[in-house]
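Written below as C-alpha cells is the structure these notes are about.
Residue numbers (this note's numbering): 3 to 243.
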C-alpha cells in the first residue's frame, strides 16, 4: 500500500499445509478453526490498510458450494472487492447458481482457455470479473478477443498474472488496448533477479506500470541470466492446479 497499490489479493484460507504448515481441510470444506482463521486474517488486513484499499479474496477453487456461501456471508462485512474461484471453475452452472446465493462479486478465468472456454460463463452470468491468464488463455491476441467478448456482457477484465516479467508486459499491453480493463495482477515481492532476465527493468511506480515506446513488448530476453536461473518443478500434494 505504501508503494501506491490500491488493491491487495490474498488467500486467507488454510487449504493445505503450504500456507500455515498444517492441514485443516475436511474434503473441500473448512473446519470451524479454519473458517474463523480466515475471518480473522481478512479482518486484520482490512484494519491495517483502511477502508479505501480493495481486498480481493482468493480461494484457489478449493471450497465446496456450501462452504463458499457460508464464508461469503461472513466476509461481507469487510467490503470485499471480489471472491475469486469460490468453487471449481469447470462448472459454469455451479458458478452461476452460487452467484445468485451470495452478494460478493465473483472473479474467474485463470483456468478458462480461449474465448470458447469463457462463452458459457458469460452466457450464464456466472462471473462479475474475468481473469484470463496470458500464459494459458492463448496469448495476447486471444486475451484481447476474450476481452471483447466480455465487453458485450459488461464484464471487466482483470488479467491473472502471478507470472514473470514477459507475461506482465504482454498483459499490460493488452490492458492498454481494451476498454473494459479493471486491474492487472502484479507480484510485488518477486524473486530478486526478476528484472535481470530482461534488457530493461519493469517501470512500476505508484501502483502503475509504464509501457515503453520501444518495439514489441519493449524488452529483449537476456539469455545468460535465464540460463543462470533454471526452472524448478514443484508439486504440492492435493493442491488444485
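Note that CB positions come from ideal geometry on N, CA and C, so glycine has one too. Just so it is clear, the structure is predicted and the values come from calculations on it, not from any experiment.
Restricting to Cα atoms, I'd like to know which of 55, 158, 130 and 164 is closest to residue 180. 158
Whole-number beta carbon distance between residue 124 and residue 155, since they are thought to touch under 8 Å: 5 Å
Going by the CB atoms, is the gap between residue 184 and residue 152 shorter than 8 Å? no
So residue 130 and residue 61 are in contact, right, with Cβ under 8 Å, and what is the actual spacing, rounded? Contact flag wrong, Cβ pair sits at about 15 Å.
For residue 206, the three-state DSSP class (helix, strand or coil): strand
Confirm, please, whether the CB-CB distance from residue 67 to residue 109 is below 8 Å. no
Give me, in chain order, the residues of the same chain whose beta-carbon lies closer than 8 Å to that of residue 127; leave out the 5 immediate sequence neighbours on both sides. 98, 101 and 155
Close Cβ partners of residue 40 (< 6 Å) along its chain, the five nearest in sequence each way excluded: 14 and 15
Compare the Cα-Cα distances from residue 58 to each of 204, 64, 139 and 10 and report the closest residue. 10
In the DSSP output, which residue or residues are listed as bridge partners for residue 162? 135
Tell me whether the stretch 143–152 and the stretch 192–200 touch, counting them as touching only if at least three CB pairs, one residue from each stretch, are closer than 8 Å. no
Cβ-Cβ distance between residue 246 and residue 224 below 8 Å: The structure shown has nothing for residue 246, since the chain only spans 3 to 243.
Need the endpoints of the alpha helix (DSSP H) that residue 10 sits in, please. Careful: residue 10 lies outside any alpha helix (DSSP H), inside the beta strand (DSSP E) at 9–12.
What is the DSSP secondary structure of residue 149, reduced to helix, strand or coil? helix
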